[in-house]
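Here the structure comes first, spelled out in structure tokens, and everything after it is commentary.
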Amino acid sequence: MSRSCATSCRSWCTATSRTDAVVQVAVLHADADLLVLDKPAGLLSVPGRGEDKHDCLSTRVQQQFPDARIVHRLDMATSGLMLMARGAQAQ
Numbered sequence: 191m192s193r194s195c196a197t198s199c200r201s202w203c204t205a206t207s208r209t210d211a212v213v214q215v216a217v218l219h220a221d222a223d224l225l226v227l228d229k230p231a232g233l234l235s236v237p238g239r240g241e242d243k244h245d246c247l248s249t250r251v252q253q254q255f256p257d258a259r260i261v262h263r264l265d266m267a268t269s270g271l272m273l274m275a276r277g278a279q280a281q
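In this note's numbering, the protein residues as written are 191 to 281.
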């Protein structure tokens with residue numbers, strides 16, 4: 191992997207709809223094919239059913255990376271690294 195493709199670690203904050211608490215999502219790596227994200231506990235990986243479950247990692251990431259696609263999920267209570275593909279071909 192070329193270092194010129196990678197971006198530096200960055201993060202953004204968004205208030206959650208559940209508690210109005212600020213939950214930070216860090217982008218640990220981003221290149222043309224994938225994203226490596228640090229998902230905090232308490233945040234859904236993908237939207238759930240109901241208005242109170244629309245805030246999720248995939249929605250937040252797609253605001254900054256519109257081509258990001260889910261590769262796998264982690265439970266809401268689980269924190270850890272998640273991969274997202276950049277585009278359908280990488281997925």
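Just so you know, even glycine gets a beta-carbon here, dropped at the ideal spot from N, CA and C. Here the structure is a predicted model, which means the values were calculated and not measured.
(message) Please return the same chain residues whose Cβ sits closer than 7 Å to the Cβ of Ser194, not counting the five positions on each side in sequence.
(response) The count along the sequence shown starts at 1 and reaches residue 194 at position 4. Unreliable positioning characterises Ser194 in this predicted model, as indicated by a pLDDT of 40, which lies under 50. A coordinate reading is not provided.
(request) Tell me whether Ala258 is buried or exposed, calling it buried when 16 or more other Cβ atoms sit within 10 Å of its Cβ. (result) Residue numbering aside, residue 258 sits at position 68 when the sequence shown is read from its first letter. Label assigned to Ala258: buried.
(message) DSSP three-state label for Gln254, please.
(response) Locating residue 254 in the sequence shown gives position 64, where the first residue counts as 1. DSSP places Gln254 in helix when its eight states are reduced to three.
(request) Have a look at Thr249 and Pro237 and give me their C-alpha separation to the nearest angstrom. (result) Counting from 1 along the sequence shown, the entry for residue 249 is found at position 59. Counting from 1 along the sequence shown, the entry for residue 237 is found at position 47. Near 8 Å, if we compare the C-alpha coordinates of Pro237 and Thr249.
(request) Identify which residue in Arg239, Lys229, Asp223 and Ala222 has its Cα closest to the Cα of Met272. (result) The count along the sequence shown starts at 1 and reaches residue 272 at position 82. Cα-wise, what sits closest to Met272 is Lys229.
(message) Among the candidates Met274, Ala275, Asp221 and Met266, whose CA atom is the shortest distance from the CA of Lys318?
(response) Since the displayed the chain opens at 191 and closes at 281, residue 318 lies outside it and no answer follows.
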